[in-house]
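Student: Below: one structure in structure tokens.
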Amino acid sequence: MSMTDKHMRLIEVAVKAGGGSTDPKLNRALANAIEGAKKTQVVSNTNIEQAIRRGAGLDKPKNLKSANYEIIMEHGVLLVLDVETGNISKFGNDLKQIAKKHLCRLTRGGVKEQFQQKGFVRVSGREDGGTLDPDAALEVGIEHGAEEVTEIEGESKMCEFLCDPKDYFALSKALSSNGYVIAECGLKFVPHVPITVPEEHLEVVGKLCDELEEHPDVVAVHTNIA
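Put into structure tokens, the structure is as follows:
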């Protein structure tokens, strides 16, 4: 699939993740997806508009299907894939080749049950440039369905809120209206029992996840690694 198709798919998913909101000012995930598409300089405004309409269910391809796939690796590592594809058979064959290459096993059932689906909202800062205080943000979040918040260390400090799957869009809007910058929101699979694995195996898992995420039909990859 071309780069244009890949970014159009991301825009469609962002609209769905935003509860069908097609306004980038209200749907931060959509705004990020549009910005990423425009940076490629190959995705046209017409492409973007078409993707937004499809994401809202207005021009959805009839053959596009959503599915989850499950993978088992060594050291008790489990993966759940969110997939949207127009060709289940072809994707299945692609996935078998990837699994064979990385010495892991595809399975049906038994893996997804080790996870629970949660809504999530990631906050990257405050609109006024102030310091991001997780405790203060949690006070706002709790009033709108947040169950917990964790700090994510990386190039820039972020906070991730978890909530009931039905509450993430309302939580995102509430945090945004209180001056927080929403980096991303949507649904994810969270492991019931997160695990730790040897450092050398983390690299193996990382290579598999990288290849899976590069596939145009893979929307997200979830693992049970802490």
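Residue numbers (the UniProt record's numbering): 1 to 226. Every residue, glycine too, gets a C-beta built ideally from N, C-alpha and C.
Is lysine 157 helix, strand or coil when you go by DSSP?
Tutor: The answer is coil: DSSP assigns lysine 157 none of H, G, I, E or B.
Student: CB-CB under 7 Å to proline 165, same chain, minus the five flanking residues each way: which ones, in chain order?
Tutor: Within the same chain, proline 165 has close Cβ partners Gln117, Lys118, Gly119 and Leu187.
Student: Is asparagine 93 helix, strand or coil when you go by DSSP?
Tutor: Looking at asparagine 93 - three-state DSSP - the assignment turns out to be helix.
Student: Judging by CA-CA distance, which residue of Leu103, Glu143, Thr150 and Val43 is the nearest neighbour of histidine 75?
Tutor: Of Leu103, Glu143, Thr150 and Val43, the residue nearest in Cα terms is Leu103.
Student: May I ask you to verify whether the region 200-218 touches the region 74-93, counting CB pairs closer than 8 Å and requiring at least 3?
Tutor: With a cut-off of 8 Å, the region 74-93 and the region 200-218 count as touching, because enough Cβ pairs lie within range.
Student: Starting from glutamine 116, follow the beta strand (DSSP E) in both directions and report where the run begins and ends.
Tutor: Per DSSP, glutamine 116 belongs to the beta strand (DSSP E) from 115-126.
Student: Comparing C-alpha positions only, which one of Pro198, Val181, Cys163 and Glu203 sits nearest to valine 190?
Tutor: Out of Pro198, Val181, Cys163 and Glu203, Cys163 has the C-alpha closest to the C-alpha of valine 190.
Student: Rounded to a whole number of angstroms, what is the C-alpha to C-alpha distance between serine 2 and threonine 40?
Tutor: Those two C-alpha atoms are separated by around 12 Å.
Student: Quick check: the region 50-66 against the region 10-18, are there 3 or more CB pairs under 8 Å?
Tutor: Yes, they touch.
Student: Can alanine 29 and glutamate 127 be called in contact, C-beta distance under 9 Å?
Tutor: Contact flag unset, no.
Student: For threonine 46, report the span of its alpha helix (DSSP H) as first-last.
Tutor: Note, threonine 46: alpha helix (DSSP H), 45-55.
Student: Can you check which of these residues, Gly19, Tyr69 and Glu148, is closest to glycine 110 by C-alpha distance?
Tutor: Per the Cα distances, Tyr69.
Student: Runs of 4 residues minimum, wholly inside the region 178-224: which ones carry the alpha helix (DSSP H) assignment?
Tutor: The region 178-224 contains these whole alpha helix (DSSP H) runs: 199-214.
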